[in-house]
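In the working numbering, the protein residues as written are 693 to 931.
Glycine residues also receive a C-beta, built at the ideal position from the N, C-alpha and C atoms.
One structure is given here, and the rest of the page talks about it.
Have a look at this one:
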């Protein structure tokens with residue numbers, strides 16, 4: 693039996709496979725929901741209507757759809773949540789799992805035959821890729837918001853003495869937007885860290901190369917076939 697929190701690699705053939713599509717809350721607690729409501733109000737007061745709506749929507753919608761799978765892996769009982777399960781009876785798979793009570797709780801399942809892997813909801817990137825992705829979208833979002841604000845100020849002030857009229861207020865506003873969205877990004881990135889740590893543990897347990905630098909979303913886009921019907925949550929990995 694493994695220690696609490698330690699994942700073991702199981703290999704075998706799926707038997708007695710059952711998959712149920714259901715809703716569950718994987719990310720936010722009640723305090724998180726209250727905090728996100730405060731962030732939404734602050735964003736609205738700052739004139740960031742887009743982020744405000746998105747944050748408020750996230751605060752109100754706490755449950756997500758995912759697949760709950762149950763099967764025997766060569767007589768070992770396995771259960772767990774996956775974004776989307778592409779597996780079926782008779783598949784040969786590797787499972788990264790932890791023993792919990794009377795069964796193995798799966799954190800990720802890989803089918804080496806076609807390099808398909810499905811993970812626990814919100815698991816897809818290792819730490820390095822997670823941070824890079826957060827920084828990228830912070831910069832894109834803050835820059836786009838500032839450019840939109842600059843365009844609106846141009847419409848208000850017109851072309852005459854435009855730079856003299858807006859340079860100081862725009863500088864302050866731009867700094868505030870970058871700073872405010874930076875704080876929001878840091879908070880949300882930290883919210884996802886338990887999933888990032890689980891992702892790395894799953895990658896390492898399954899024996900994937902360079903587990904600290906894996907981005908399954910990116911590798912899947914590069915390898916997904918045009919006729920592939922799989923929805924988001926089914927990923928492809930490289931050896």
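For the pair residue 699 and residue 903, the Cα-to-Cα distance works out to about 14 Å. When DSSP states are grouped into helix, strand and coil, residue 887 belongs to the helix group.
Look at the beta carbons and you see the region 782 to 791 not touching the region 871 to 882: under three pairs across the two are nearer than 8 Å.
The three-state secondary structure of residue 807, taken from DSSP, is coil.
The continuous stretches of beta strand (DSSP E) do not include residue 905, and DSSP gives it neither H nor E.
For residue 775, there is no enclosing beta strand (DSSP E), since its DSSP letter is neither H nor E.
Within the same chain, Cβ atoms closer than 7 Å to the Cβ of residue 865 are found at 841, the five residues on either side in sequence being excluded.
Using a Cβ distance threshold of 8 Å, residue 755 and residue 716 count as a contacting pair.
Annotation: residue 772 to residue 868 spans about 43 Å, alpha carbon to alpha carbon. Rounded to whole angstroms, residue 780 and residue 710 show a C-alpha spacing of 9 Å. Taking one beta carbon from each stretch, the region 881 to 894 and the region 819 to 838 have 3 or more pairs nearer than 8 Å; the two touch. Residue 711 is bridged by DSSP to 761. Here residue 901 is exposed, its C-beta having fewer than 16 other C-beta atoms within 10 Å. With a threshold of 16 other beta carbon atoms within 10 Å, residue 897 meets it and is buried.
Taking C-beta separations shorter than 7 Å and ignoring five residues to either side along the sequence, the partners of residue 833 in its chain run 873, following chain order. For residue 796, the beta-bridge partners assigned by DSSP are 770 and 791.
In the three-state reduction of the DSSP assignment, residue 865 falls in the helix class, which pools H, G and I.
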